[in-house]
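Visitor: The opening residue of the first sequence carries number 87 in the working numbering; numbering runs sequentially from there.
Positions of the beta carbon are idealized from the N, C-alpha and C atoms, including for glycine.
The structure displayed is predicted, hence computed values, not measured ones.
My questions all concern the structure below.
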Amino acid sequence: MHSSPASLAELQARSQALAGLTLGQIAAQLQLQVPANLQKDKGWVGQLLEQSLGASAGSKAEPDFPHLGVELKTLPIDRDGKPLESTYVCVAPLTNVGGLHWHDSWVCRKLQHVLWIPILAERQIPLSERMVGTAFLWQPNVQQQQELQQDWEELMEQITLGGVANIRGAQGKHLQLRPKAANSRALTDAVGAHGEPIKTLPRGFYLKATFTASLLAQQFAPG
DNA sequence: GTATGATCATGA
DNA sequence: TCATGATCATAC
Numbered sequence: 087m088h089s090s091p092a093s094l095a096e097l098q099a100r101s102q103a104l105a106g107l108t109l110g111q112i113a114a115q116l117q118l119q120v121p122a123n124l125q126k127d128k129g130w131v132g133q134l135l136e137q138s139l140g141a142s143a144g145s146k147a148e149p150d151f152p153h154l155g156v157e158l159k160t161l162p163i164d165r166d167g168k169p170l171e172s173t174y175v176c177v178a179p180l181t182n183v184g185g186l187h188w189h190d191s192w193v194c195r196k197l198q199h200v201l202w203i204p205i206l207a208e209r210q211i212p213l214s215e216r217m218v219g220t221a222f223l224w225q226p227n228v229q230q231q232q233e234l235q236q237d238w239e240e241l242m243e244q245i246t247l248g249g250v251a252n253i254r255g256a257q258g259k260h261l262q263l264r265p266k267a268a269n270s271r272a273l274t275d276a277v278g279a280h281g282e283p284i285k286t287l288p289r290g291f292y293l294k295a296t297f298t299a300s301l302l303a304q305q306f307a308p309g
């Protein structure tokens, strides 16, 4: 168990020291048991790395490293370095979204500074043998910021106009809106097509795998 | 239910 | 084959 890193440099040094270690090795350092699989422990890898790097624990609506303003995200990849999954960002507000602007949104704030930690996580590899890659800090460049903002504004407009039920995951260039719920019976409040209150599945914002793939390419491009 | 952490599993 | 839609655990 680590204390909280004092600086970005310390966070980078710690995260890069994990490169090449397996999840089993990191768990052993922390004296933690590795679950047989992730079916009932889907968040285990993220929580393991949070502990290892000294992120603030628990379910708080703030960055993993509050004093650094950095969010930690694991990124499962295959042997070719391609993301295996989309990346969850945050839940989407479905009511009272009238005056909300991009720069005040959770999506924008959460993505301002992210520590990405790639994990070689093909399903055939036992959990304890999966290997941590080279972590890197990322901040969206101007183009990325603009494209994310455009996706967000389109999705939020549709929610505002009562069209949440018609939003599919395929919509959006980089940012998508998909269910984020315990199960299909967990409903929340939203607005219907005629302005009437409805119940619907809670939604979350996710980064498409093609977008995180471009971040990896940008980071690890040869030359 | 909402927040945290995501991956599972199946339809296209 | 793979992205979308569905789901799992836990704290509060």
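1. If we require 3 or more residues per run, which beta strand (DSSP E) segments fall completely within the stretch 222-260?
2. On the DSSP bridge list, what partners appear for Pro162?
3. With a CB to CB cut of under 8 Å and the five nearest residues on each side skipped, what residues in its chain are close to Ala113?
4. Have a look at Arg289 and Glu243 and give me their C-alpha separation to the nearest angstrom.
5. Given that a residue counts as buried once 16 or more other Cβ atoms are within 10 Å of its Cβ, and exposed if not, what is Leu201?
6. Within the same chain, show all residues whose beta-carbon is closer than 7 Å to that of Ala299, passing over the 5 residues directly before and after it, in chain order.
7. Could you give the distance in angstroms between the alpha-carbon of Glu136 and the alpha-carbon of Ala279?
8. Along the chain, where does the beta strand (DSSP E) that runs through Ile112 open and close?
9. Mind checking which residues open and close the beta strand (DSSP E) that includes Val277?
10. Would you tell me roughly how many angstroms separate the C-alpha atoms of Pro283 and Asp275, rounded to the nearest one?
11. By the three-class DSSP mapping on this structure, what secondary structure does Gly290 have?
12. Any idea which residues DSSP pairs Leu263 with across the strands?
13. Less than 7 Å between C-beta atoms, sequence neighbours within five positions excluded: which residues of the same chain meet that for Gly140?
14. Which class does Thr296 belong to by DSSP, given the choice of helix, strand or coil?
15. Drop a sphere of 10 angstroms on the beta-carbon of Lys259, count the other beta-carbons inside from all chains shown, and report buried for 16 or more, exposed for fewer.
16. Just checking, does the stretch 203-220 make contact with the stretch 100-112 on the three C-beta pairs under 8 Å criterion?
Guide: If we stick to the structure as given:
1. Those beta strand (DSSP E) runs which fall completely within the stretch 222-260 and span 3+ residues are 222-224.
2. The residue given as residue 162 occupies position 76 in the first sequence. For Pro162, the beta-bridge partners assigned by DSSP are Ile205.
3. For this step, residue 113 is matched to residue 27 along the first sequence. Cβ within range, chain order: Gln119, Val120, Leu134 and Ser214.
4. Mapped onto the first sequence, residue 289 falls at position 203. Mapped onto the first sequence, residue 243 falls at position 157. Looking at the backbone, the Cα of Arg289 and that of Glu243 are separated by about 15 Å.
5. Here residue 201 refers to the residue found at position 115 of the first sequence. When all chains shown are included, Leu201 counts as buried.
6. Here residue 299 is taken as the residue at index 213 of the first sequence, counted from 1. Lys168 and Pro169.
7. Here residue 136 is taken as the residue at index 50 of the first sequence, counted from 1. Here residue 279 is taken as the residue at index 193 of the first sequence, counted from 1. About 41 Å.
8. As a first step, residue 112 must be located in the first sequence, where it is residue number 26. Element bounds for Ile112: not the beta strand (DSSP E) but the alpha helix (DSSP H), Leu109 to Gln115.
9. Taking the first residue of the first sequence as 1, we reach residue 277 at position 191. From DSSP, the beta strand (DSSP E) with Val277 extends over Thr274 to Val277.
10. By 1-based counting over the first sequence, the position of residue 283 is 197. By 1-based counting over the first sequence, the position of residue 275 is 189. Rounded to the nearest angstrom, the two C-alpha atoms are 7 Å apart.
11. As a first step, residue 290 is located in the first sequence; it is residue number 204 there, counting from the start. The answer is strand: DSSP assigns Gly290 an E or B state.
12. By 1-based counting over the first sequence, the position of residue 263 is 177. Its beta-bridge partners are Phe291.
13. By one-based count along the first sequence, residue 140 stands at place 54. Around Gly140: His88, Ser89, Ser90 and Pro91.
14. Here residue 296 corresponds to residue number 210 of the first sequence, with the count starting at 1. Judged by DSSP in its simplified three-state form, Thr296 adopts helix.
15. Sequence index remark: in the first sequence, residue 259 carries index 173 (1-based). Its Cβ having fewer than 16 others within 10 Å, Lys259 is exposed.
16. Contact between the stretch 203-220 and the stretch 100-112 is present: three or more C-beta pairs spanning the two stretches fall below 8 Å.
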